[in-house]
Every structure is written in structure tokens, then in C-alpha cells.
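K.L.:
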Amino acid sequence: MDVVLEVVDTFVGDQLYAKLLPAGSAPYDFPHHANATAQPISTWQYKPSTQMLYLEPSEAAYMSAWPRDNIFRQFTSLFLVTWFFGILNYFVFATLSYIFIFDKKTFSHPKFLKNQIRLEMKQANMAMPVMAICTALTFVAEVRGYCKLYDTTEEGPGRWYDYAQFPLFILFTDLCIYWAHRWLHLPLVYKHLHKPHHKWIMPSPYASHAFHPLDGFAQSVPYHVYPMLFPLNKLAYVALFVFINFWTILIHDGEYITDNPIINGSACHTAHHLYFKLGSYNYGQFTTLWDRLGGTYRKPDLAWFNKKTKMAKETWESNMKEMEDIQKEVEGDDDRQYVAAEAKKTK
Numbered sequence: 001m002d003v004v005l006e007v008v009d010t011f012v013g014d015q016l017y018a019k020l021l022p023a024g025s026a027p028y029d030f031p032h033h034a035n036a037t038a039q040p041i042s043t044w045q046y047k048p049s050t051q052m053l054y055l056e057p058s059e060a061a062y063m064s065a066w067p068r069d070n071i072f073r074q075f076t077s078l079f080l081v082t083w084f085f086g087i088l089n090y091f092v093f094a095t096l097s098y099i100f101i102f103d104k105k106t107f108s109h110p111k112f113l114k115n116q117i118r119l120e121m122k123q124a125n126m127a128m129p130v131m132a133i134c135t136a137l138t139f140v141a142e143v144r145g146y147c148k149l150y151d152t153t154e155e156g157p158g159r160w161y162d163y164a165q166f167p168l169f170i171l172f173t174d175l176c177i178y179w180a181h182r183w184l185h186l187p188l189v190y191k192h193l194h195k196p197h198h199k200w201i202m203p204s205p206y207a208s209h210a211f212h213p214l215d216g217f218a219q220s221v222p223y224h225v226y227p228m229l230f231p232l233n234k235l236a237y238v239a240l241f242v243f244i245n246f247w248t249i250l251i252h253d254g255e256y257i258t259d260n261p262i263i264n265g266s267a268c269h270t271a272h273h274l275y276f277k278l279g280s281y282n283y284g285q286f287t288t289l290w291d292r293l294g295g296t297y298r299k300p301d302l303a304w305f306n307k308k309t310k311m312a313k314e315t316w317e318s319n320m321k322e323m324e325d326i327q328k329e330v331e332g333d334d335d336r337q338y339v340a341a342e343a344k345k346t347k
């Protein structure tokens with residue numbers, strides 16, 4: 001994330017910190033000539049975060065009491081960047097998914113909640129700043145060198161690893177998230193952390209980030225652990241973070257394009273939201289591999305892949321009977337307000 005931090009500092013951060021936290025008289029070496037310009041003294045020296053990018057710092061980079069390598073400045077910047085781009089990514093991609101992919105017939109499903117879209121957005125907006133704080137702490141550790149991020153092929157294991165790092169990252173994080181997700185379904189943990197995300201029986205793309213903030217961060221920890229244990233290219237790391245957020249939205253879009261036996265897509269994740277008992281199904285994030293090995297894989301209903309039967313009353317009733325039994329077993333009384341139930345009351 002030092003690449004992101006350098007870009008932000010160059011175009012926004014340096015000027016902002018110089019204005020809000022200007023350096024005192026001590027950090028400056030005033031020249032003897034009255035017409036000469038005062039030159040700031042700073043122990044920080046510019047070093048590009050990557051050989052692919054060179055951004056010459058302006059004078060403002062040396063004019064703050066918090067230079068670029070100040071840990072408090074780094075944390076503050078990374079927190080704001082994580083929060084801002086988290087919100088931007090969420091609303092842009094979730095909205096695009098909602099407009100172009102999400103099946104609007106889902107609104108008629110008996111388990112779609114009253115004001116669900118608004119509630120999902122509210123939950124996500126409440127979670128993001130807390131998740132950003134937790135995430136920024138790990139980013140600071142990465143920026144300050146407590147990881148194995150590298151810049152060029154020569155600094156890494158070799159050309160082969162430039163390609164291998166992507167499937168290795170997916171497999172490792174998928175395994176870790178699988179077990180983190182299973183832990184979140186333990187009764188005591190589920191009640192306090194994971195239940196808010198399972199409020200959405202029939203999720204929309206806006207449910208992708210609508211969870212308890214510690215739940216969201218717990219499932220993101222593997223993404224930070226990987227570069228602390230294994231080499232990972234800096235720019236690949238940034239690209240993977242964008243992909244992760246995009247993927248999280250895709251598996252909540254409710255559009256079951258293909259019945260793929262390997263990919264843990266939207267249909268697999270919908271099965272997880274419907275059948276969420278202890279020891280339930282489809283805990284994986286990217287693949288079905290660990291669910292198959294762990295005995296928790298559940299093949300999505302074939303009816304979901306047919307546009308005629310996907311939203312048929314018979315399909316809904318079949319899904320709901322099992323789901324309601326699980327809901328009573330796991331949660332007890334159901335405090336959700338469903339659109340269908342509210343509509344009946346008004347008749």
C-alpha cells in the first residue's frame with residue numbers, strides 16, 4: 001500500500017498536512033540572505049515506492065510537522081483512503097451490479113425484507129469506518145516493512161512467481177476465510193458478530209459489505225496475512241484488493257449465470273444465506289474446494305439456473321420450508337420484517 005500512499009501524498013496529503021500541521025521554526029534552515037527562500041530541514045528523504053512510478057515531491061512534502069514517514073500520518077492517511085475508496089467501490093460497483101445484473105424479481109420473494117436496500121446501505125455505512133480503522137493498522141505494518149511485498153521481478157522469487165502468486169493468493173486466502181467463516185457460525189460468535197449479515201435471506205449487491213464491522217475485518221485478515229508470510233508483488237496486491245471487493249459484490253448479486261462446480265459463485269453463496277445453520281454450507285469465498293474437502297459443500301438447486309423456475313412459487317416454497325426450520329433452530333424468533341408479510345397486513 002506504499003504505492004497508494006505515495007500517490008495520495010503527492011496529490012493531496014502533502015498540501016493538507018502542511019496546512020493543518022505546519023512545521024515550526026526548528027525544522028527550517030533560514031539562509032543569511034534576506035531574499036533567499038527558507039529551506040525546510042527534514043530527516044525524511046524521497047524514495048519512490050516502485051520503479052514503475054516517480055512522483056517528485058513538492059515543497060509541501062517537507063513543510064509539515066508530520067513528514068511522510070510519520071507513523072501517525074501514515075495511519076491517518078491509510079484510514080481515510082481505505083474508508084473513502086471502500087465507500088466509492090461499494091456504491092459504484094454495487095450500483096452497477098444492481099442496475100445491470102441483479103434480478104429485480106427478487107423484490108417479490110417472500111423473504112425479501114421491507115426497505116432491505118436502504119437497510120443494507122445503512123449497515124454497510126456503519127461498518128466501513130470501523131473496518132477502515134482495523135484495516136489501516138495492518139496497512140501501516142505493511143508500509144513500514146513488516147511484510148514480504150516486493151517491487152520488481154528481480155526482487156521476488158522469479159518470473160514464474162509473477163504468475164503463480166495469483167492462484168496461490170486465492171487458494172491460501174480461500175482456505176483461511178473458509179475456517180474464519182465456519183468460526184463465525186459457532187452459536188455464540190454468530191449471535192454477536194455474524195447474524196447482522198445473515199439478516200439478508202435474499203441478498204442484493206448492497207448486502208456485500210453489510211455486516212458487523214468486526215465480522216467484515218475478520219474475514220479480511222487472510223488478505224493481510226498472506227504478504228506477511230509469502231512474497232507478493234506490490235502492484236499485484238493493490239489489484240487483488242480491488243478484485244476482492246468486486247468479487248464480494250458479485251457473489252451477492254443474485255444472478256446465477258452458470259452452475260460451475262469449482263467457482264463459489266452467487267448461487268453457492270445464496271445457498272449459504274438460505275441454509276445458514278451450524279455446520280451449514282458453502283463457507284468458501286472464491287472456490288468450492290475447501291467446502292468439498294470439509295464436507296460442507298451444497299450444490300445450488302438446479303431450479304435456480306432456469307429463469308422460469310428460479311422465481312417460481314414452487315421453488316420459493318421448497319426453499320423457504322427448510323430455511324424457516326433452520327432459522328428457528330439457529331435464531332429462535334424471527335425479528336425480520338418481510339415485504340410480503342407487510343403487504344398482507346395492509347390488505
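With full-length UniProt numbering, the residue at position 249 of the sequence shown is 249, and numbering never jumps.
Positions of the beta carbon are idealized from the N, C-alpha and C atoms, including for glycine.
If we ignore side chains and look at the alpha-carbon of each, how far apart do Ala60 and Phe286 end up?
P.N.:
Mapped onto the sequence shown, residue 60 falls at position 60. Mapped onto the sequence shown, residue 286 falls at position 286. So the alpha carbons of these two residues sit roughly 43 Å apart.
K.L.:
Go through its chain and collect everything with a Cβ distance to Tyr150's Cβ below 8 Å, but skip five positions before and after it.
P.N.:
Counted from its first residue, the sequence shown places residue 150 at position 150. Once the five neighbours on either side are set aside, the close Cβ partners of Tyr150 are Gly156, Pro231, Leu232, Asn233 and Lys234.
K.L.:
At the 8 Å Cβ level, is Pro110 part of the contact set with chain B, yes or no?
P.N.:
Although the question refers to chain B, the structure presented lacks it and comprises just one protein chain.
K.L.:
Since Ala180 and Ala124 are thought to touch, with beta carbons under 8 Å apart, how far apart are those beta carbons, to the nearest angstrom?
P.N.:
The sequence position of residue 180 within the sequence shown is 180, counting from 1. The sequence position of residue 124 within the sequence shown is 124, counting from 1. Between Ala124 and Ala180 the Cβ distance is about 19 Å, and since that is not below 8 Å, they are no contact.
K.L.:
With DSSP collapsed to three states, give me the class of Ile244.
P.N.:
Here residue 244 is taken as the residue at index 244 of the sequence shown, counted from 1. Of the three classes helix, strand and coil, the one that applies to Ile244 here is helix, per DSSP.
K.L.:
Three Cβ pairs or more, each shorter than 8 Å: is that satisfied between the stretch 96-110 and the stretch 51-59?
P.N.:
The stretch 96-110 vs the stretch 51-59: no contact.
K.L.:
What is the rounded straight-line gap between the Cα of His269 and the Cα of Thr153?
P.N.:
By one-based count along the sequence shown, residue 269 stands at place 269. By one-based count along the sequence shown, residue 153 stands at place 153. The straight-line gap from Cα to Cα measures roughly 36 Å.
K.L.:
Grab me the residues of His224's own chain with a C-beta within less than 6 Å of its C-beta, minus the 5 sequence neighbours each way, in chain order.
P.N.:
Residue 224 sits at position 224 when you count from the first residue of the sequence shown. Around His224: Thr138.
K.L.:
Measuring only the C-alpha atoms, how far is Leu240 from Asn306?
P.N.:
Counted from its first residue, the sequence shown places residue 240 at position 240. Counted from its first residue, the sequence shown places residue 306 at position 306. Approximately 32 Å between the Cα atoms of the pair.
K.L.:
On the premise that Trp83 lies in contact with Arg68, defined as a C-beta separation below 8 Å, what is that separation, rounded to the nearest angstrom?
P.N.:
In the sequence shown, the residue the question calls residue 68 occupies position 68. In the sequence shown, the residue the question calls residue 83 occupies position 83. Not quite, the Cβ-Cβ distance comes to about 20 Å (not below 8 Å), so this is no contact.
K.L.:
Taking Cβ positions, are Asp174 and Leu293 nearer each other than 8 Å?
P.N.:
For this step, residue 174 is matched to residue 174 along the sequence shown. For this step, residue 293 is matched to residue 293 along the sequence shown. Not closer than 8 Å, so no.
K.L.:
Taking 8 Å as the threshold, find out whether the stretch 102-110 comes into contact with the stretch 182-191 through three or more Cβ pairs.
P.N.:
Judged by Cβ distances under 8 Å, the stretch 102-110 makes no contact with the stretch 182-191, as fewer than three pairs qualify.
K.L.:
Would you mind reading off the limits of the alpha helix (DSSP H) that contains His224?
P.N.:
The residue given as residue 224 occupies position 224 in the sequence shown. Pro213 to Leu229 is the span of the alpha helix (DSSP H), which, as asked, contains His224.
K.L.:
With distances taken between CB atoms, is the gap from Tyr281 to Arg298 smaller than 8 Å?
P.N.:
Here residue 281 corresponds to residue number 281 of the sequence shown, with the count starting at 1. Here residue 298 corresponds to residue number 298 of the sequence shown, with the count starting at 1. Yes, these two residues count as a Cβ contact at 8 Å.
K.L.:
Could you tell me the distance, in whole angstroms, from the CA atom of Val330 to the CA atom of Leu184?
P.N.:
Start at 1 with the first residue of the sequence shown, and residue 330 comes out as number 330. Start at 1 with the first residue of the sequence shown, and residue 184 comes out as number 184. About 13 Å.
K.L.:
Could you please give the first and the last residue of the uninterrupted alpha helix (DSSP H) stretch that includes Thr138?
P.N.:
Here residue 138 corresponds to residue number 138 of the sequence shown, with the count starting at 1. Run containing Thr138: Gln116 to Val143, per the alpha helix (DSSP H) assignment.
K.L.:
To which residues does DSSP link Pro167 through a beta bridge?
P.N.:
Translated into the one-based positions of the sequence shown, residue 167 becomes position 167. DSSP lists no partner for Pro167.
K.L.:
Leaving out the 5 sequence neighbours to the left and right, which residues in its chain are closer than 7 Å to Ala132 when beta-carbon positions are compared?
P.N.:
One-based indexing of the sequence shown puts residue 132 at position 132. Closer than 7 Å at Cβ, skipping near neighbours: Phe79, Thr82, Trp83 and Gly86.
K.L.:
When you compare only the Cα positions, how much space is there between Asp9 and Ala18?
P.N.:
To locate residue 9, count along the sequence shown from 1; it is residue 9. To locate residue 18, count along the sequence shown from 1; it is residue 18. Using only the alpha carbons, I get a separation of about 11 Å.
K.L.:
Within the same chain, show all residues whose beta-carbon is closer than 6 Å to that of Pro205, passing over the 5 residues directly before and after it, in chain order.
P.N.:
Walking along the sequence shown from the start, residue 205 turns up at place 205. Excluding residues within five positions, the ones whose Cβ falls inside 6 Å are Ala94, Ser97, Tyr98, Phe102, Ile249, His252 and Asp253.
K.L.:
May I have the straight-line CA-CA distance separating Pro300 from Lys195, to the nearest angstrom?
P.N.:
Here residue 300 is taken as the residue at index 300 of the sequence shown, counted from 1. Here residue 195 is taken as the residue at index 195 of the sequence shown, counted from 1. Cα to Cα, Pro300 sits roughly 22 Å from Lys195.
K.L.:
Can you tell me whether Pro22 is helix, strand or coil according to DSSP?
P.N.:
Numbered from its first residue, the sequence shown carries residue 22 at position 22. Pro22: strand per DSSP, three-state reduction.
K.L.:
Have a look at Ala164 and Val12 and give me their C-alpha separation to the nearest angstrom.
P.N.:
Working through the sequence shown from its first residue, we reach residue 164 at position 164. Working through the sequence shown from its first residue, we reach residue 12 at position 12. Approximately 35 Å, taken between the alpha carbons.
K.L.:
Could you tell me whether any non-hydrogen atom of the ligand SAH is closer than 7 Å to the CB of Phe93?
P.N.:
For the structure depicted, the ligand SAH is absent and the ligand set is empty, with no information on it obtainable.
K.L.:
My assumption, with CB atoms under 8 Å, is that Phe276 sits in contact with Ile326. Please give the rounded CB distance.
P.N.:
Here residue 276 refers to the residue found at position 276 when the sequence shown is read from its first residue. Here residue 326 refers to the residue found at position 326 when the sequence shown is read from its first residue. Confirmed, Cβ separation roughly 6 Å.
K.L.:
Pro227: which of Gly145, Ala303 and Pro261 sits nearest, CA to CA?
P.N.:
Taking the sequence shown and counting its residues from 1, the one referred to as residue 227 is at position 227. Considering only alpha carbons, the answer is Gly145.
K.L.:
Under the rule that 16 or more other beta-carbon atoms within 10 Å means buried, what is Ala312, buried or exposed?
P.N.:
By one-based count along the sequence shown, residue 312 stands at place 312. That one is exposed.
K.L.:
Identify the residues that DSSP records as bridge partners of residue 349: which are they?
P.N.:
This structure cannot speak to residue 349, because the chain is shown only from 1 to 347.
K.L.:
By DSSP, does Asn70 sit in helix, in strand, or in coil?
P.N.:
Locating residue 70 in the sequence shown gives position 70, counting from the first residue. Coil, per DSSP.
K.L.:
List the DSSP bridge partners of Asn233.
P.N.:
To locate residue 233, count along the sequence shown from 1; it is residue 233. Answer by DSSP bridge pairing, in chain order: Tyr150.
K.L.:
In chain order, what residues of the same chain have a beta carbon less than 7 Å from the beta carbon of Arg73, not counting five sequence neighbours either side?
P.N.:
Numbered from 1 along the sequence shown, position 73 holds the residue referred to as residue 73. Counting only Cβ-Cβ distances below 7 Å, and skipping sequence neighbours, we find Tyr17 and Trp66.
K.L.:
Work out the CA separation of Glu324 and Gly332 for me, nearest whole Å.
P.N.:
Along the sequence shown, read from residue 1 onward, the residue named residue 332 stands at position 332. Along the sequence shown, read from residue 1 onward, the residue named residue 324 stands at position 324. Each residue's alpha carbon lies about 10 Å from the other.
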